[in-house]
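Encoded as structure tokens, the structure appears first; notes follow it.
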């Protein structure tokens, strides 16, 4: 029987249904940390290591009590299934209340390696315009009437004030002939407290109104630090009186003292006493105007009586502080009040670049805090790309910030503005220490509402220090079916500018995905020396989410992903998996980069799997098969022995398994076709080690010695759940052929001399030859002889007439190793294959004497046709019989013999 090939299989992990979606990120053994969903736990993730302790930092920007959600950071120790203590970090939504407005300036905290807070970073933080110390100088002389109306006025105006340590403080000084402090600035810290205290103030009384004395006492005592005055607070005095002062000559000195202390004075003239007595109040009004700061139309009030004091409460409150945050008609004061610093940050060698997405009426901006101080470019610095006339369009510049290195180590800062003209924009610019901005390049979005520029990521793929690729995300880009599929644009460095080079490819589904919502560079996931990329798509698979892994190559990023990791493959309960990603450290101690991925209420740690390269060699002993020399026995039959040696060399620790599967054999002489026997070989290969294993084979006689026996060795890694994976693109199959041995001398060229002799052995008796019953056989004798070296795949072809039928074949063999097979074709051709124990080699067979390789012979043959003729008489007719006759048949025999050699 013939042996075609022997198949050696080693299990290998990449033999999966979807090879392109699985590589070396382990999804079978994730570590999942959970936190409060309502606090947005998982909104951001960052890998962290300090003092040998490895952890994940997980942001929860909405953490805290309902009335004070300033955010927290959770430290998740790798190796423990629990969350640890949290510490404050960047909170861009951190807000402060100023009057009736809530200003979100943002605040960050610098923390030590063990997450102990060190200092607060709040470059855009500013005190509220309501940071005031207010002293009310209240006339309590006998002429004030009725007193409860004054109490009502106090309660109403105080209820408008925002009393707290960060905003307003109020003290009250009441006077007549003498002056007393009803309470000091530091006595009450809430609005409710001062309102309640005002209800209990009784009238001081007195026949004189010593206004100058009371004003001087307020300036020197009530605004003193001892009574709670704060440094930096705006000082405001409110004077309420109903008559001319009895110490008017002292007013100039008292007012000068107030001016020297930068005390702003509001003055209210109550005209009730003059109206009731029908007296002219002009002198009184002039005195009160003199007390008030300039201009009078802003700081002076007059009311008809005590009850009318309540009519000016709103106007007085609006003038004391700006409730709606405006400085004047159509002039906005929103510069840094809504800056939301910390919304995006980028660490630099000499500091931190902050995005100020809410600055300048949400037009946005950037700020650098570093060794050279604080650099705050004005709104006008970006006017060439963000015209001031579009300031109300809310471009959100600073939504994301980064930097790239181009050319001769030139650093460019990058900032995204995803709402600019509703299509988005990204600018690359230089920033001087003086705040001067030089915009080098601007990239523009193409689709309205796509949020182009909400994420940017620069990649130094070949790790030479120069940025090779800039990626810009548009996570709300509408794809098929008007779904937010998302898109990530690729820009490659050309000279010192970035040029468009296509987009990343993701799953093509008509679904919400927000592909590109998160981007992160990974130092090198597949160990090829190039930086890789992670992309989050948190809305894929009905909001379960997914992340994509892209590999770098040279100075480019591959457009097609190497691995897609859906959240559902990690845990069926995950939602919004991929809203944040981080890949920069080895957290599990195997010296491989790991992935941190944020989800809603969860943070997931995914480990990398080592990548190995397995070098396999296959050799045979002997180098050719000689079936003449049968030195082995198997199953009681003699055979030729052959040993195959398979050697494995790996670059990492791994387990491999070798499988010898008899079902892959076509040699029925060795194993039966139905055999299901398997031989298992477990091989443990260490780094740099070469391990060899010998496999014996047995070869029996075969009719096909032309083609060599082909061996195919396939291997795979045994552990498909964990452990290493084979390097992508690494060959998993090795093929080798072993020829049959042939004896054709040292030159390995077989020179043959085939001679054919042919005869009809009956023609010598008579001519023509008559075939008659019972002898109906025509014998043909063919002699084949090889007079020189071995011949291969020799065949003899005999053509004969259609009216002859092949009956039998009688063979007389002079060499016992000869094997003969014959096939009848179309009832007119006989092909006889003669293999005289010789085998195939790679050299050429040669025969120079071709003239005696064919014989043509023809002869006439007659045969008796077996016809019977009879007669009988019928009364009306008579039949005659014929004598026997012969049919002559012309038979042509053409015999051709040739030697055939396959190369």
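In mature numbering (1 follows the signal peptide of the UniProt record, and there is no 0), the protein residues as written are -22 to -1, 1 to 881.
Where a beta carbon is used, it is the ideal one built from N, C-alpha and C, also for glycine.
As the structure is a computational prediction, the values presented were derived from the model and not from experiment.
Which residues does DSSP list as the beta-bridge partners of residue i?
i	result
residue 921	This structure cannot speak to residue 921, because the chain is shown only from -22 to 881.
residue 54	34
residue 326	329
residue 351	348
residue 314	In the DSSP output, where bridge partners are listed per residue, residue 314 has none listed.
residue 584	573
residue 589	703
residue 615	612
residue 147	111
residue 462	456
Measuring only the C-alpha atoms, how far is residue i from residue j?
i	j	result
residue 629	residue 360	53 Å
residue 769	residue 717	16 Å
residue 584	residue 599	47 Å
residue 301	residue 352	The predicted position of residue 301 is uncertain, since its pLDDT is 33 and thus under 50; no value can be drawn from it.
residue 437	residue 203	56 Å
residue 763	residue 774	12 Å
residue 329	residue 346	7 Å
residue 729	residue 621	31 Å
residue 626	residue 719	28 Å
residue 409	residue 388	12 Å
residue 197	residue 296	23 Å
residue 159	residue 179	11 Å
residue 576	residue 502	20 Å
residue 883	residue 200	Examination of residue 883 is not possible in this model, given that the chain is present from -22 through 881 alone.
residue 375	residue 394	6 Å
residue 760	residue 668	58 Å
residue 218	residue 47	41 Å
residue 734	residue 784	21 Å
residue 24	residue 35	5 Å
residue 259	residue 190	19 Å
residue 695	residue 595	17 Å
residue 126	residue 289	15 Å
residue 323	residue 241	41 Å
residue 455	residue 477	20 Å
residue 445	residue 383	5 Å
Starting from residue i, follow the beta strand (DSSP E) in both directions and report where the run begins and ends.
i	result
residue 388	388 to 395
residue 433	433 to 437
residue 472	465 to 472
residue 517	Counting along the chain, residue 517 falls outside any beta strand (DSSP E), and DSSP gives it neither H nor E.
residue 215	212 to 219
residue 449	447 to 452
residue 410	Unbroken run through residue 410: none, as it is neither H nor E.
residue 87	86 to 89
residue 224	Per DSSP, residue 224 belongs to no beta strand (DSSP E) and is neither H nor E.
residue 192	Careful: residue 192 lies outside any beta strand (DSSP E), inside the alpha helix (DSSP H) at 189 to 195.
residue 882	Within the shown structure, residues of the chain are numbered from -22 to 881, placing residue 882 beyond reach of any answer.
So the alpha helix (DSSP H) residue i belongs to, where does it begin and stop?
i	result
residue 236	229 to 238
residue 170	169 to 176
residue 126	125 to 138
residue 265	260 to 269
I'd like to know whether the C-beta atoms of residue i and residue j end up nearer to each other than 8 Å.
i	j	result
residue 253	residue 220	no
residue 13	residue 19	yes
residue 602	residue 608	no
residue 211	residue 151	no
residue 119	residue 154	yes
residue 588	residue 570	yes
residue 483	residue 539	yes
residue 10	residue 549	yes
residue 413	residue 453	no
residue 41	residue 30	no
residue 556	residue 524	yes
residue 544	residue 520	no
residue 268	residue 321	no
residue 417	residue 401	no
Residue i: beta carbon under 7 Å from a heavy atom of the ligand ZN?
i	result
residue 124	The ligand ZN is not part of this structure, which contains no ligands at all.
Using beta carbons (cut-off 8 Å, strictly below), is residue i in contact with chain D?
i	result
residue 213	Protein chains in the displayed structure number just one, and chain D is not present.
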